[in-house]
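For reference, the structure is listed below as structure tokens.
Residue numbers (my numbering), protein chains in the order written: chain A, 35 to 420; chain B, 323 to 484; chain C, 61 to 653.
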């Protein structure tokens, strides 16, 4: 399947917004629902449903938040979007705000991307000048503006409830759900949080329609996905693929050679061996927020395990038992694997800890932090345990 | 930015006045104010927590607790320039370890430490989102990519005279 | 609405959690970070249950019941996950159970037993990673902490003190004081409420058990003991009795068996406090109403050392409002070492005064440098209710087997007004019983002397009493409506004191106790604590009052004699020397320059 390519394209500013004003709000929600667009941050929650729920929540104050806390190891597509076409993200936010009835939008930009802030502010200023933001946008009765709020170096703030806590000036600890942000989010007001790339899709769907979008991708994964490819490839970078592309085809695009393993989904994703390169990138098979890291035959799998588990040992928020206490055993286990001293029994115990973390962690971080470890263990057992 | 071993209450109050002339006192702006203070002083200390707490009507210990959560809001003395070398796998595959060694050589302190003159703190950072241009590092809010040991040393040298 | 738990249909109301519905239906779900006094955290992940349709397990303490919900509390995967989370907590829980002050009363250990933990997936942390912090009142062992956050929530929500917070993140997260400066340099009030809610041995009182044993063993020492009112309403719990069991006489017998030379009652000095504080109140009224002086009213009580330290840190500008009376414990000390010592011909330098308190702040109070009016340290050792139980157990004494004995004279005689000092509103009630009668010559106009508006567990209680038909010398009070307020817990104190500071409050007299429920809910009382347990203890205290023959402090014959023989009259020069004190303006953080 060839690369498609519209997400990173420039659009005529304001066109989608103008169109949105011509359609009623419920209809836009229906179009987005019909398009099958799902959140591009990784979790894949249907965007139209999110819009519907947040729109239906009764409150005079609502927020639209753009999650630009791109922290998953190996992901950089949001950075590229924000470097090249931020105006499209902002327009997507404005349309969303119009639909759900929000007046304030916030971009939660990770602290590591602070250098992007000035450029984004410029873009916002330009849009204000062109009446694409601010009071009575494009002559309508709709007021909406966007501000940028900087994170401060905490991966867990990519989790939407932790992000909201952080925006409230608190420790970035995930909250118990429900309530979900769509009903009680920032300062307890209904809040729609979506990924940078998701907002980029919205103007296109509004102008070109749901069917156009559904023509791309697979049945349950409509549209395209930006994939950040890095590691042992000749052409690292961002690729826009149709959902359903096979891993091996992506490797070809990026000119990977001698590939031994591919990590899909970053530190919280899975690592697959060559025998699985026929698998597809989609919500049906391997979902991803956009990270693909390629490893060639010179790489040791135990080093990858170590890197990912140390990452989580740094980045767990530490409030709930399984995630705080569980992670360090995997870091210790890597040492034992390196020394060839791990026992079958210890591996069984690690699997038990892993399933407890998956089942009982408060948020997605703890629920997914052993994915890479376990998939490497399963897929590269001989190398690890010889 | 000034980094000295002693930060007086007066300096803190002046800087806060300055920051707060552009920001209001909603709790939602707390992190932003703390970030500004770090930009100015390099780290957060007890005086700042007390003064920020007073302004925001938030308990100073809460300010401390919040700060201590975030990697970019250091609550221990830290250098004027924070060198954050990406430690995540894509950079590691491109020999980020050699970059660290080169910088250690250049500034004379090991990973995790601050130079005696309080100029540099060398830290590891998790994925900087520069995997396509690995290896990468941040110095404060500036990003440097596709590093080689020589290039890294050169960059550090340019900061020495700043 | 209806929900199903383990196949059983259960009624639920909107806003109820799964845990609450299960509890009402007799279905037990284990908890750890949950506490009935505190807001929900959902951190420990012990109370997880299976909910049909949910991918992951849900925490019963936070998940709201919704119509038609199907919940399974004991599926194999639920039990396995809970067990693993218990194992994970044990894996980083440092130390051996037999050296732990919470041996036998540890919620984590109980869970370990319940879930049949025989081994851990990986060996336990073998080395100490964080040092003990020891203050005169409480000791913190961060290595025993399991990060349930109850202490943080207690200090923040219940007390509004914010002395401890989570610091750092991930595996490095720990509970600490402001920039690690220590409890003694921040505004910890030493109330010990965190101890009562800690599920493990991470927080406990700094023990005085051994020095008390040493004093009892020393033939040169004359050791007297005083027991606070609230202790008798709770000590039984340490011996397996129901909360609310009164054990006064058994406790006296036990103390005698431990070898104390005299067993006295802090209630005696509680009555004395009423005389001193009541007189001070009338004087403040006069100076305010007649001499138009400012800053004297409202007057607040001063019995609770946690409250004293709180106001010193948080409202230093309002210290003139605090009664200058020492607490009953600190009135007792100097009287024992002067009046009683003289009377009995005992060298006060050989006398050791021990007090049994429901409180850990009393330990700090006894250490305050100004508390040496007798020329010696007025109160040598303070033991909590828990420590007394421990000593009795060490001596092989079971409270259940103790005979009922009486206190020694002269400091063993007290009134019903004194026993109610142990409950929130009690000091106010006792004071009004006396002040009203002094001023009017008649009994306070409440049925059976029960001033019900100041009783009960509401956090701030208010009452007004109009004074009519006064005696000649109190003419200035004729027709005055005296407004009083009672607050317990420091967050309630804050509500009242903010009003005092702003001038919004029109109170004349305020009783403040640092702990919820008053002393009966003190930081030195048996663990656990809950609203129900505190109510039961309060019942015991009011029963004790009802059963007393004398129920007004000014009618205590031993107090009358004390004034005749020694102190002359309330607020006399001598009384001021021995029984009154002064306070210190303190900063929130004394290390911050």
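All residues carry an ideal CB built from backbone N, CA and C; glycine is no exception.
All values derive from a computational prediction rather than experimental measurement.
Problem set entry | Per-residue burial, residue 253/C [other beta carbons within 10 Å of its own, 16 or more giving buried] | buried
Problem set entry | the stretch 468-483 of chain C touching the stretch 607-623 of chain C, judged by at least three CB pairs closer than 8 Å | Judged by pairs of C-beta atoms under 8 Å, the stretch 468-483 of chain C touches the stretch 607-623 of chain C, as three or more such pairs exist.
Problem set entry | Endpoints, the alpha helix (DSSP H) within which residue 134/A is located | The continuous alpha helix (DSSP H) containing residue 134/A extends over residues 120-134.
Exercise. Taking the beta strand (DSSP E) that residue 417/C falls in, what are its first and last residues?
Worked result: Its beta strand (DSSP E) spans residues 411-417.
For this session: Sort 293/C, 91/C, 583/C by Cα distance to residue 603/C and report the nearest one.
Result: 293/C
Exercise. In whole angstroms, what separates the C-alpha of residue 111/C from that of residue 286/A?
Worked result: 44 Å
Problem set entry | Beta bridge counterpart(s) of residue 100/C as assigned by DSSP | The partner list for residue 100/C (beta bridge, DSSP) is empty, contrary to what the question assumes.
Problem set entry | residue 6/A - partner residues in DSSP beta bridges | Nothing about residue 6/A can be reported from this structure: the residues present for chain A run from 35 to 420 only.
Exercise. CB-CB under 6 Å to residue 309/C, same chain, minus the five flanking residues each way: which ones, in chain order?
Worked result: Here the set comprises 464, 465.
For this session: At 3 residues or longer, and completely inside the stretch 424-451 of chain C: list those beta strand (DSSP E) runs for me, N to C.
Result: For the stretch 424-451 of chain C, whole beta strand (DSSP E) runs of length 3 or above, ordered along the chain, are 441-444.
Exercise. Near residue 62/C, which residues of its chain fall below 6 Å by C-beta distance, leaving aside the five closest residues on each side in sequence?
Worked result: 69
Exercise. If you run the structure through DSSP and keep just helix, strand and coil, what is residue 489/C?
Worked result: Residue 489/C falls in the helix class under three-state DSSP.
Exercise. At least one CB of chain B closer than 8 Å to the CB of residue 142/A: is that the case?
Worked result: no
For this session: Use the C-beta contact count for residue 142/C: other C-beta atoms within 10 angstroms, 16 or more gives buried, fewer gives exposed.
Result: buried
Exercise. In whole angstroms, what is the alpha-carbon distance linking residue 281/A and residue 319/A?
Worked result: 11 Å
Exercise. What whole-angstrom Cβ distance do residue 261/C and residue 105/C have, given they're in contact under 8 Å?
Worked result: Wrong, their Cβ atoms sit about 21 Å apart, outside the cutoff.
Exercise. Alpha carbon to alpha carbon, what distance is there between residue 301/A and residue 137/C?
Worked result: 26 Å
Problem set entry | Sufficient close CB pairs (3 or more, under 8 Å) joining the stretch 138-151 of chain A to the stretch 159-179 of chain A | Per the Cβ contact rule, the stretch 138-151 of chain A is in contact with the stretch 159-179 of chain A (3 or more Cβ pairs under 8 Å).
Problem set entry | contact_flag[the stretch 207-218 of chain A, the stretch 382-402 of chain A] where n(CB pairs < 8 Å) is 3 or more | yes
For this session: Check whether the Cβ of residue 334/B lies closer than 8 Å to any Cβ atom in chain C.
Result: no
For this session: Please go through the same chain and pick out, in chain order, the residues whose beta-carbon is closer than 6 Å to the beta-carbon of residue 578/C, but skip the five residues on each side of it.
Result: 483, 484, 548
Exercise. On the three-state DSSP scale, how would you describe residue 233/A?
Worked result: helix
Exercise. Counting only beta-carbon atoms, is residue 481/B nearer than 8 Å to chain C?
Worked result: With 8 Å as the cut-off, residue 481/B does not count as an interface residue toward chain C.
For this session: At 8 Å on the CB atoms, spell out the chain C contacts of residue 462/B, in chain order.
Result: What residue 462/B touches in chain C: nothing, since even the nearest Cβ is about 22 Å away.
For this session: Taking the CB atoms as reference points, tell me whether residue 255/C and residue 198/C lie closer together than 8 Å.
Result: yes
Exercise. Residue 397/A bridges to which residues according to DSSP?
Worked result: DSSP output for residue 397/A lists no bridge partner at all.
Problem set entry | residue 393/A: contacting residues in chain C (beta-carbon distance under 8 Å) | 108, 116, 117, 137, 141
Problem set entry | DSSP three-state assignment for residue 334/C, whether helix, strand or coil | Residue 334/C: helix per DSSP, three-state reduction.
For this session: Helix, strand or coil for residue 569/C, going by three-state DSSP, please let me know.
Result: strand
Problem set entry | Per-residue contacts from residue 225/C into chain B (C-beta, under 7 Å) | For residue 225/C, the residues of chain B that pass the 7 Å Cβ criterion are 383, 384, 386, 387, in the order they occur in the chain.
Exercise. In three-state terms, what does DSSP make of residue 482/B?
Worked result: helix
Exercise. Taking only runs of the alpha helix (DSSP H) that begin and end inside the stretch 180-219 of chain A, which ones reach a length of at least 4 residues, in chain order?
Worked result: Listed in chain order, they are 194-201.
Exercise. Is the CB-CB distance between residue 416/C and residue 443/C below 8 Å?
Worked result: yes
For this session: Verify whether the separation of the beta carbon atoms of residue 289/A and residue 267/A is less than 8 Å.
Result: yes
Exercise. For the candidate residues 575/C, 287/C, 336/C, whose alpha-carbon lies nearest to that of residue 316/C?
Worked result: 287/C
Exercise. Interface residues of chain C around residue 341/A at Cβ under 7 Å?
Worked result: Those within 7 Å of residue 341/A in chain C number zero; the least Cβ separation is about 16 Å.
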